[in-house]
Amino acid sequence: MASTETTGKTGQVKEAGDGQDLAGLEAGLDALESGAGPTRTPVRQVLVQKVVPPLTAVVLVLLVWQALVSFEIVDDPTKLPSPSAVWDEVTEAWKQGTLLDFIWTSVSRGLLGFLFALAIGTPLGLIVARVRFVRAAIGPILSGLQSLPSVAWVPPAVLWLGLNNQMMYAVILLGAVPSIANGLVSGVDQVPPLFLRAGRTLGATGLRHTWHIVLPAALPGYLAGLKQGWAFSWRSLMAAEIIASSPDLGVGLGQLLENGRNASSMPMIFLAIFLILIVGIAIDLLIFSPLERRVLRGRGLLVKS
1 MASTETTGKT GQVKEAGDGQ DLAGLEAGLD ALESGAGPTR TPVRQVLVQK VVPPLTAVVL
61 VLLVWQALVS FEIVDDPTKL PSPSAVWDEV TEAWKQGTLL DFIWTSVSRG LLGFLFALAI
121 GTPLGLIVAR VRFVRAAIGP ILSGLQSLPS VAWVPPAVLW LGLNNQMMYA VILLGAVPSI
181 ANGLVSGVDQ VPPLFLRAGR TLGATGLRHT WHIVLPAALP GYLAGLKQGW AFSWRSLMAA
241 EIIASSPDLG VGLGQLLENG RNASSMPMIF LAIFLILIVG IAIDLLIFSP LERRVLRGRG
301 LLVKS
């Protein structure tokens, strides 16, 4: 008799739990149907969470840097210039009108080369991901090329193409295409088979299947490949600009870094390093981070902090 009562109570508790789960599910479906989405984050909260932490880190680095110079922990300016000396280099380049030229020369090359790599790496990654024979033949080569330092391509590119922009773009392509292709292959491999079967059942075949089913489902991995591809593009370009110099090529950030070394000017070297770092961070914040947030939000994976 007691066992029967216990079983009955357990069943009631289970039914109550199931009822709560169903109620929560219905509430979530109602929210989706009503179009209720995440509320916009207040500007103050964005500043506190996104702007203040990196600014604080920059200020701390500057304070430590100035302390090393002021207390003569590093008393040789040829090894560590003061922040004011680097700032003087910035203002001098700005007055001469060359600061923006340094940045634009490298950024324009890097973005154009990355677009070329994107146009080549995307179809290559799809072919490798979808055709078994091609994957067996080219897949290991792409992985090997991705691990090859980009600077290794500079000498042969100079001999093949000469000291010109085509050489720069070739180095960027050889550094970025494997990363983009491998990122897309990884994204396609992570697509649930159910999605592919559902797409075929609904009549999506051939290019329509690739465009409407495979690519959207593979976006997270593809986006990771794009970010890595841009990193390889930027590093490849800096290596090419440092090694290959010519008046016809202009002065980019890599060449500015090499000019500082030739002139034994540590402020110029630090200026080039900071500009290279700033451009890399800016491209990530302005292009790739918004894309990543949009993809994650579209899949309901963006957790609001």
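In full-length UniProt numbering, the protein residues as written are 1 to 305. Yeah, the Cβ is synthetic: ideal placement off N, Cα and C, and Gly gets one too.
Nearest CA to the CA of residue i: which residue from the options?
i: Gly250; options: Thr91, Leu80 and Trp104; result: Trp104
i: Ser108; options: Gly97, Val279 and Arg293; result: Val279
i: Ile287; options: Gly121, Leu223, Val188 and Asn262; result: Leu223
i: Pro149; options: Arg293, Val171 and Gly162; result: Val171
i: Gly221; options: Ser179, Ile141 and Trp87; result: Ser179
i: Ala263; options: Thr78, Gln66 and Val48; result: Thr78
i: Ala119; options: Lys95, Thr98 and Leu226; result: Leu226
Roughly how many angstroms lie between the CA atoms of residue i and residue j, to the nearest whole one?
i: Ala145; j: Ser84; result: Looking at the sequence itself, residue 145 is Leu, so the reference to Ala does not match. Going by the C-alpha atoms only, they are around 42 Å apart.
i: Val177; j: Leu296; result: 24 Å
i: Pro155; j: Val59; result: 40 Å
i: Leu25; j: Gly199; result: Confidence at Leu25 is low in this model, with a pLDDT of 49, below 50, so its placement is unreliable and no value can be given for it.
i: Ser147; j: Leu207; result: 31 Å
i: Asp189; j: Val214; result: 10 Å
i: Gly37; j: Gln45; result: Annotation note: pLDDT 47 at Gly37 (below 50); position unreliable, coordinate value reported separately. C-alpha separation (whole angstroms): 18 Å.
Near residue i, what residues of its chain come up, given a Cβ to Cβ distance below 6 Å and the 5 sequence neighbours on each side ignored?
i: Ile283; result: none
i: Leu253; result: Phe102, Ser106, Ala272, Leu275 and Ile276
i: Gly110; result: Ser233, Trp234 and Leu237
What residues in its chain sit with their C-beta under 8 Å from that of residue i, if we drop five residues either side in the sequence?
i: Leu256; result: Phe102, Met268, Leu271, Ala272 and Leu275
i: Leu219; result: Gly187 and Val295
i: Pro192; result: Ala217
Let's see if you can read the secondary structure: which residues bound the alpha helix (DSSP H) around residue i?
i: Trp153; result: Premise fails: Trp153 is in no alpha helix (DSSP H) and is neither H nor E.
i: residue 322; result: Since the first residue of the chain shown is 1 and the last is 305, residue 322 is not available in this structure.
i: Glu292; result: Ser289 to Gly298
i: Asp88; result: Pro83 to Gln96
Suppose the cutoff is 7 Å on Cβ atoms and the five residues either side in sequence are ignored; what does the same chain contact list for residue i look like?
i: Ile127; result: Val134
i: Val158; result: Met167 and Ala244
i: Leu202; result: none
Compute the beta-carbon to beta-carbon distance between residue i and residue j, rounded to the nearest angstrom, for a pair I have assumed lies under 8 Å.
i: Gln228; j: Gly175; result: At roughly 10 Å, the Cβ-Cβ gap does not stay under 8 Å, so Gln228 and Gly175 are not in contact.
i: Leu124; j: Ala217; result: Rounded, the Cβ-Cβ distance is 19 Å, inconsistent with contact.
i: Val69; j: Leu80; result: 6 Å
i: Leu163; j: Gly113; result: Not quite, the Cβ-Cβ distance comes to about 16 Å (not below 8 Å), so this is no contact.
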